[in-house]
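Please read the structure below before turning to the comments.
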Ligand SMILES: Nc1ncnc2c1ncn2[C@@H]1O[C@H](COP(=O)(O)OP(=O)(O)O)[C@@H](O)[C@H]1O
Ligand SMILES: [Mg+2]
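Chains as they are written, first to last, in the working numbering: chain S, 62 to 310; chain Z, 246 to 477.
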């Protein structure tokens, strides 16, 4: 499943935020390559810069210095239309707060990106139902978000992220607002998708449960990459994980 | 994996047509209507000042129409009655106009109403930051968001000011009927009254759109990263 093509390449990225007169350096020079089809976890304590890095990769924010390439295209070179297209077709986003659009049913949420992509209503509805069935919500597609539990809303969000068969799914703390069991279900659903569909999944998290399914873990600390571990290295050092997470908080 | 490699740098220009993100007009209307229905209470608050201002406008305009109908009979008794009920009629006048004081009140009420709309819509935009940001993450362009807000305001404006104009006009008719009796109805030019109600509705729609202009631009320029924000 994993081929060597680098779907994401981050070179020398820094990001500073202005907080009043103060400059906060959230990223202090990050270099990262992500191979297509992998399940990547970006791990680190809260405030370490995971979300900031994540927003750069997703084209949601611009680095202060450095470049981000998606499929070898420098996203700083894209105009507003191309960026919108990238967000619509190439990347699927999953949020900690689910972000289901409240005024729409589950199905309408899932079909909205397809409508943006120019798909006809019927085809979009058909595909939307298939996707909702795939995430285990086949009987709920007419439900409004407030009638769904957190876990179910996150499933809708996953179906929506898959709407236009993106190459990359970005998930920022996807289990952050879920209880232990529901979070685990969501993690395994994401893993299953990455295996079956070859989608690259990049997930920022401090959820230790993510380690089991990750092909690669990027440890980030204080705006820098601490180390990158592959799956095989991880299973060897499994005894140390508790310690790592322990001082991560 | 081959099919996902759409992002060849040489393909950037040639693929441009396929790369358009779209939102069909009817779909935007659909979303706008849903949005109004789900947030009915909020929409009501946004619209209420518009309803009041437009009904006041319609009330005075239809009132003038009825008074003109009464004047056109040429009966001195009706003329005296009109003057007693507050119309400033000089001996040479053959129709009533709105007094400067009345016009001033109308302008003021419309102005207050626009300010109210801007305020309510700005609040609506801040409340909806997550929804707007999410739509942008899903590929929405600035102008999709702008269009959704304009459509919502247009629909709200049409319904709100339509209702306000009809209520205000009807109130004027009832008011004159009580004071002057059936003659106020029989002498009224219905075309003129219809035009007054229609005109007031139109003014209301324009005000609603003017009021949402700035909030809608704020919404359209909102960054997609807003969708990621987590309140601590
Ligand atoms: N919009 C912003 N303005 C100012 N500072 C920010 C902003 N976003 C993030 N930061 C700062 O950058 C650092 C990294 O934040 P973040 O990327 O959200 O961390 P994480 O997701 O790992 O918890 C933090 O110190 C945070 O306060
Ligand atoms: Mg974060």
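We put the beta carbon where it would ideally sit given N, CA and C, even for glycine.
Can you give me the Cβ contacts of residue 470(Z) inside the same chain, cut-off strictly under 8 Å, excluding the 5 residues immediately before and after it? Listed in chain order, the non-local C-beta contacts of residue 470(Z) below 8 Å within the same chain comprise 378, local neighbours out to five positions each way being set aside.
Scan the stretch 100-134 of chain S for residues whose Cβ lies nearer than 9 Å to a Cβ of chain Z and list them as they occur along the chain. Within the stretch 100-134 of chain S, the residues whose Cβ lies closer than 9 Å to some Cβ of chain Z are 112, 115, 116, 119, 120, 121, 122, 131, 132, 133, 134, listed in chain order.
On a Cα-Cα basis, can you pick out the residue from 401(Z), 274(Z), 303(Z), 366(Z) that is closest to residue 417(Z)? Nearest C-alpha to residue 417(Z): 303(Z).
Please list, in chain order, the chain S residues whose beta carbon lies closer than 7 Å to that of residue 391(Z). None at all; the shortest Cβ gap to chain S is about 13 Å.
Below 6 Å CB to CB, which residues in the same chain sit around residue 215(S) once its five sequence neighbours on both sides are set aside? 159, 247.
With a cut-off of 8 Å, do at least 3 Cβ pairs link the stretch 248-261 of chain S to the stretch 131-143 of chain S? With the cut-off at 8 Å, the stretch 248-261 of chain S and the stretch 131-143 of chain S do not touch.
Please return the same chain residues whose Cβ sits closer than 6 Å to the Cβ of residue 311(S), not counting the five positions on each side in sequence. Missing from the structure shown is residue 311(S); chain S here goes from 62 to 310 and no further.
DSSP state of residue 378(Z) mapped onto helix, strand, coil: If DSSP states are grouped into helix, strand and coil, residue 378(Z) belongs with the helices.
Within 9 Å (strictly less), CB to CB, does residue 75(S) reach chain Z? For residue 75(S), the closest Cβ of chain Z is not nearer than 9 Å.
Run of the alpha helix (DSSP H) containing residue 346(Z), from where it starts to where it stops: For residue 346(Z), the uninterrupted alpha helix (DSSP H) segment begins and ends at 345-372.
Considering only their Cβ atoms, is the gap separating residue 326(Z) from residue 424(Z) smaller than 9 Å? A distance below 9 Å separates the beta carbons of residue 424(Z) and residue 326(Z).
Could you check the C-alpha separation between residue 289(S) and residue 278(S) for me, to the nearest Å? Straight-line Cα distance between these residues: approximately 6 Å.
Chain S contact for residue 457(Z) (CB, 9 Å cutoff): Judged by the 9 Å Cβ criterion, residue 457(Z) is not in contact with chain S.
Buried or exposed: residue 304(S), going by 16 or more other Cβ atoms within 10 Å of its Cβ? Bear in mind that a pLDDT of 49 at residue 304(S), under 50, signals an unreliable position, so the number given afterwards is only what the model happens to contain. Flag for residue 304(S) reads exposed.
Put residue 459(Z) into one of helix, strand or coil per three-state DSSP. When DSSP states are grouped into helix, strand and coil, residue 459(Z) belongs to the helix group.
Quick check on the DSSP output: what are the complete alpha helix (DSSP H) runs of length 4 or more inside the stretch 301-346 of chain Z, in order along the chain? 321-329, all fully within the stretch 301-346 of chain Z.
Taking CB distances under 9 Å as the criterion, tell me whether residue 269(Z) reaches chain S. For residue 269(Z), the answer is yes, since a Cβ of chain S falls inside 9 Å of its Cβ.
Local conformation of residue 161(S) per DSSP, three classes: Residue 161(S) falls in the coil class under three-state DSSP.
Looking only at DSSP bridge pairs, what is residue 135(S) linked to? For residue 135(S), the beta-bridge partners assigned by DSSP are 130(S).
Let's test the definition: count the other Cβ atoms within 10 Å of the Cβ of residue 117(S) and tell me whether it reaches 16, buried, or not, exposed. Residue 117(S) is buried by the Cβ-count criterion.
Tell me residue 78(S)'s beta-bridge partners as DSSP assigns them. Residue pairing of residue 78(S) in beta bridges, as defined by DSSP: 85(S).
Excluding the 5 residues preceding and the 5 following residue 228(S) in the sequence, name in chain order all residues of the same chain whose CB lies nearer than 8 Å to its CB. The residues 68, 97, 132, 151, 152, 260, 261, in chain order, have a CB closer than 8 Å to that of residue 228(S) in the same chain once the five nearest residues on each side in sequence are set aside.
In chain order, what residues of the same chain lie with their CB nearer than 6 Å to the CB of residue 136(S), ignoring the 5 residues before and after it? Same-chain partners within the cutoff: 120, 129.
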